[in-house]
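Here is the structure we will look at.
Residue numbers (the UniProt record's numbering): 1 to 394.
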């Protein structure tokens, strides 16, 4: 019988409880033990893990690497899936290998390229992948010049940080004066240009933004699995058009994603996102980590997380081809338990306690007596939604 595999996920997205589910339900029925660490004691990934620990606050990247090496040694980690401080961690791949831990993450060179969106756009354009027109702006004057150039070509303008993940900081610029329209209903990504310019003038430091046309749907996130030999084992697109989700193997999305994965050493699980600029798919972003919505590929008969762990362990998977492309669907969030709120903030790396909170029974009507256990309160559950657009490690 194959030995049990120990996998560690550091501070990561709440959706990765589904990643953990897929590891445990692997087709080889191989035993998997999952260690998780996080800065939020209520993160669902801590409750879903076999062992869990709170991460120390305020560590520099170098200090975090030392912490990570200690965690790997302490828990005999076979495969580490780093999200937080990924670039610093992969720079020490040899140190982790010496400790017996494989990193499920791309090469240090690839992570460096895609940390900065401007650098990434220049690099992928050089290998023949289309990108939208873009300007890097740091001053109010830069912003106004970029907006005027795009508006002259009939485009609506948006901006986002040059370095960041999950859509944090994304805004759409308008010429509409600030009014009650911006205050009614839910918060909107639309911001008046004049207010943004004024905010930039009052800021203590320059911004570092990419300004570009707002790209049209569909949005297609291509999940790639690439071996350390640089050969792509899987490339499947998840489509997003309004509320509707689906899957695609169309070459217009898949071929540029495969080219990027192979050209830049995007080993293991990465996510490459495209949208439409006119009638042409163009690159929107590259994530050098497993996507939050990766588990949705299970609807196509693909268990990508387990295949990635196999590759990290030196086991060949062959090509992962969907058995079927599932029909269009809509994402619905599902509840996940969290650890008891009374759990100490600083705890030892002990096995996770059973999540069976006891509550006072709810009185039943006089004619009915229920023997079912009391349900967990709303405060004891956290939504680990199946969205493919997680915004930050939660």
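Heads up, the beta-carbon is just placed ideally off N, CA and C, and yes, glycines get one too.
Rounded to whole angstroms, the Cβ separation of residue 260 and residue 77 is 29 Å, and the two are not in contact under 8 Å. One alpha carbon belongs to residue 313, the other to residue 143, and they sit about 47 Å apart. Exposure of residue 318 is indicated by the presence of fewer than 16 other C-beta atoms within 10 angstroms of its C-beta. Taking all protein chains in view, the Cβ of residue 250 is surrounded by fewer than 16 other Cβ atoms within 10 Å, so the residue is classified as exposed. Of the residues assessed, residue 62 falls on the exposed side of the cut-off, its CB having fewer than 16 other CB atoms within 10 angstroms.
Judged by DSSP in its simplified three-state form, residue 253 adopts helix. Measuring C-alpha to C-alpha distances from residue 227 to each of 38, 50, 107 and 8 identifies 107 as the nearest.
Measuring C-alpha to C-alpha distances from residue 71 to each of 34, 221, 58 and 30 identifies 34 as the nearest. For the 8 Å CB-CB criterion, residue 293 and residue 244 do not form a contact. The stretch 135–150 makes contact with the stretch 201–221: 3 or more CB pairs, one atom from each, lie closer than 8 Å. When the beta-carbon positions are compared, residue 81 and residue 104 come within less than 8 Å of each other.
CA-CA distance, residue 45 to residue 151, rounds to 44 Å. For a cut-off of 8 Å, the C-beta gap from residue 269 to residue 225 is around 6 Å, short enough to register as a contact. One Cα belongs to residue 192, the other to residue 169, and the distance between them is close to 15 Å. For residue 93 and residue 58, the gap between their C-alpha atoms comes out near 23 Å.
Secondary structure at residue 268: strand, using DSSP grouped into helix, strand and coil.
Pairing residue 121 with residue 113, the inter-Cα distance amounts to about 9 Å. According to DSSP, residue 221 shares a beta bridge with 238 and 273. Distance from the Cα of residue 5 is smallest, within the candidate group 102, 173, 16 and 275, for 102. CA-to-CA, the gap between residue 188 and residue 166 works out to about 16 Å. In this structure residue 176 is exposed. Its beta-carbon is surrounded by fewer than 16 other beta-carbon atoms within 10 angstroms. Ranked by how close their Cα comes to the Cα of residue 306, the residues 47, 100, 164 and 32 have 32 in first place.
Inclusion of residue 303 and residue 27 in the CB contact set at 8 Å is warranted, their separation being smaller than that value.
Rounded to the nearest whole angstrom, the CA to CA distance from residue 297 to residue 36 is 23 Å. Assignment of beta-bridge partners to residue 247 by DSSP yields 238.
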